[in-house]
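Here's the structure, in C-alpha cells; my notes come after.
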Amino acid sequence: WLAEQKASVLIVSHDRRLLNRVVDAIYELERGALKRYPGGYDRYVVLRRERFLSESRAFEQQQEFLRKEEEFIRRHMGSQRTAEAKGRQKKLENITRLERPYDDVRTPNIPKLAAARGGELVLECRGLRGGYAGKQIFGQADFRIGRGQRVGIVGANGTGKSTLLKVLAGRMAPMGGELEHGHKSVCGFYDQDTSDLDPAGTPYSTIRPARPQFTDEEVRSHLARFLFRGPEIEKSNTALSGGERARLSLARLLLDSVSWLALDEPTNHLDLSARTSLEEFLGAFEGAMIAVSHDRAFLDLLCDTILEVEQGTVRVYPGNYSAWRAAKLASQAAGPVGLPGKAAGAPQQSKGAAPAGKNSAARADTEASSSAKPATAGKIRNPYQFAKLEQRIIDLEAELKLVQHSMTEPEVYMDAPRMREAQYRAAEIESELNQANEQWANW
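Following this note's numbering, the numbering of the sequence shown begins with 11 at its first residue and continues without gaps.
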C-alpha cells in the first residue's frame, strides 16, 4: 500500500524488509547532521561504507598535504625562500579543513555462547494444547525439534505465539497433550517485556549475582560488550530505555549454560546495528533456537522451519519466512498446506513452498505479484504509456552504462569528490531502474 502511494511518505523504522521494499532514499541522522543515501536499506549499507572510505581517503590526503606544507614553512621561514614560505602559509590559512570522518562503531559485541551438550532431541509435542484463564488458545500441536534447529513462530497478533513459546520453554503449564523435553534440555528464555529485570536493580547488580566469581573488572567488561559503560552500569533499571533493557536481558541470558534458546521478539527494541550483532551471535550458536518475531529479515536469515499459529492450530512449514510466505500464497485456492502432525525437521516440503535461501524473498514477492494479476493479464493496458515506460528503461540502462564507464576513467577515480558523485548517481539510476522494471513486470 505504501509503495503505491502517489504522495510522499516519510518513515522512521528499524524494519529492514520494509525499508528495502518501500523507500527510494534514506536519510541517516548522526551527530546532529542528516546525510542522504539513494535506494533502500541494503543499498544504504553499501553506500555508507563507500562514503566513509572515500571521505577517509580525502581526509588523509589533506592531512598529508598539510604536513608537507607546514614542514616546508618551518624549514624555509627566515631563509632565502621566506617569501615562498609566507605564500604557502597564507594559502594554508584559507584552506577549508576537512573533519575526520565519523563511523559509529558502538555496536554490541555479543560473545559466542557455547551450547550445553544435550541429546539430539530438544523437545517433542503430541496433541499439545495451551492457553490461560481456562481459555484454550491453541490445540493439537504436533511437532519435533532437534539439536541445532532454528524455528520461527509466526501468526497474527493475539493468536497465541507467545503463549506457545512459554509453554515450550516451561514458563507456562500446558492445558493438555504431551510435551517431552530431551536429555539435558536446558532452555534460556528471553521475554520481550524484560520482566525478569529487578526494578530496584541496576545493570551491575543484575550481572553480579549471576557470576559471583567474576571480579569487578570482569563484570564491567561483560556489560561494556553490551554498551553499558562508566556511570551507565549504576543506572536504575527503571530508567533504562527499551533498547537498553533488551541489551541487559541478553547480557544476563548469555551467562547461563543452556542447550537451546526461546526468544520472544528479541529484536523488538534493538536498533539496526544491535540487530546485526544479535543475528551474528545466533548464527554462531550451536544449540536449537525457537523465536517469536515479526522481523522478516531475522526470520529469513536464521530460521529453517516456521511454525504458524492460526485459528487455534499450529502448522509446520519447512524453510524460512519467504518459503512460508510463498507456500501460503500458492495455497490460497487449494486450502491449507502446513504439515500438522509432522516432525519439524522432516524433509517433506509444503505444497508450493520454495526452498529456503537468499532468493526465497524474490520468489515470494514474484508469486505475490502473480497471484494479484487479473485474468486479462496477457493484455497490455494503455500501450502508449507502456511504450514510454520501455523507452524510459532503455534510457536509464544507457545512462547507467555511461556513468559506470566514467568511473573507470583516471580523471574520475583519482578525484574523490567526482568519484563519490558518480557513485551516488549510479545508485540513483539503479534505484529508478529497479522501480521501472518492477512496474514493467506488473503492467
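Glycine included, every Cβ here is placed at the ideal spot set by N, Cα and C.
Since the model is a prediction, treat every value here as computed from it, not as a measurement.
Residues bridged to residue i (per DSSP)
i      : result
Val326 : Leu317
His191 : Leu133
Trp240 : Sequence inspection shows Gly at residue 240; the Trp mentioned does not correspond to that position. None, per the DSSP bridge assignment.
Asp274 : Val302
Gly186 : Arg139
Contacting residues, own chain, Cβ-Cβ under 7 Å from residue i (five flanking each side not counted)
i      : result
Leu292 : Met299 and Leu312
Gln359 : Note on Gln359: pLDDT 39, under 50, position unreliable in the model; the coordinate value appears next. Correct list, in chain order: Pro328.
Pro111 : Phe62, Glu65, Ser66 and Phe69
Residue burial classification, residue i (beta-carbon count within 10 angstroms, cutoff 16)
i      : result
Lys398 : exposed
Arg306 : buried
Ala382 : Because Ala382 carries a pLDDT of 40, less than 50, the predicted location of this residue cannot be relied on, and the following value inherits that uncertainty. Exposed: under 16 other Cβ atoms inside 10 Å.
Ser332 : buried
Phe238 : buried
Met429 : buried
Ser251 : exposed
Gly170 : buried
Ala154 : First, the amino acid is wrong: residue 154 is Arg here, not Ala. When all chains shown are included, Arg154 counts as buried.
Arg41  : exposed
Ala13  : exposed
Gly192 : buried
Trp11  : exposed
Arg77  : exposed
Gly240 : exposed
Arg325 : buried
Arg257 : buried
6 Å CB neighbourhood of residue i in its chain, flanking five on each side removed
i      : result
Gln99  : Ile83
Ser6   : Look at the range of the chain in this structure, 11 to 453, and you will see that residue 6 is not part of it.
Gly7   : The requested residue 7 is not part of the displayed model; the chain covers only 11 to 453.
Leu260 : none
Segment limits, alpha helix (DSSP H) that includes residue i
i      : result
Lys407 : Reading off the sequence, residue 407 comes out as Glu, not Lys. It spans Pro393 to Ser416 - the alpha helix (DSSP H) in which Glu407 sits, taken as one unbroken run.
Phe199 : Unbroken run through Phe199 is the beta strand (DSSP E), Cys197 to Tyr200; no alpha helix (DSSP H).
Val177 : Lys171 to Leu178
Gly252 : Gly252 to Leu263
Gln90  : From DSSP, Gln90 is part of no alpha helix (DSSP H); its letter is neither H nor E.
Ser215 : Pro213 to Ile217
Ala491 : Within the shown structure, residues of the chain are numbered from 11 to 453, placing residue 491 beyond reach of any answer.
Cβ shell of residue i (< 8 Å), same chain only, five flanking positions each side left out
i      : result
Gly253 : His279, Leu280, Asp281 and Ala284
Arg218 : Phe224 and Val229
Glu440 : Gly49, Arg53 and Leu410
Limits of the beta strand (DSSP E) - the one that residue i falls within
i      : result
Arg136 : Leu131 to Tyr142
Gly293 : No beta strand (DSSP E) contains Gly293, which is instead part of the alpha helix (DSSP H) from Leu282 to Ala294.
Phe153 : Lys145 to Gly156
Tyr112 : It is not in any beta strand (DSSP E) - Tyr112 carries neither H nor E in the DSSP assignment.
Ala298 : Ala298 to Val302
Glu456 : One cannot answer for residue 456 here, as it falls past the ends of the chain, which runs 11 to 453.
Lys45  : Ala43 to Pro48
Gly162 : Arg160 to Val164
Contact test: residue i Cβ vs the ligand ADP heavy atom, cutoff 6 Å
i     : result
Leu44 : Judged by which ligands are present, the structure shown has none, so any question about the ligand ADP falls away.
Notebook entry, point to check: Per the contact definition of three or more C-beta pairs closer than 8 Å, is the stretch 300-319 in contact with the stretch 159-172?
Noted result: yes
Margin query: Count Cβ pairs between the stretch 239-252 and the stretch 212-226 that sit closer than 8 Å; are there 3 or more?
Written below: yes
Next item on the list: Count the CB pairs spanning the stretch 47-56 and the stretch 23-36 that are closer than 8 Å, and state whether there are at least three.
Entry: yes
Note to self: For the stretch 61-74 against the stretch 85-99, do three or more pairs of beta-carbon atoms, one drawn from each stretch, fall closer than 8 Å, so that the two count as touching?
What the structure shows: no
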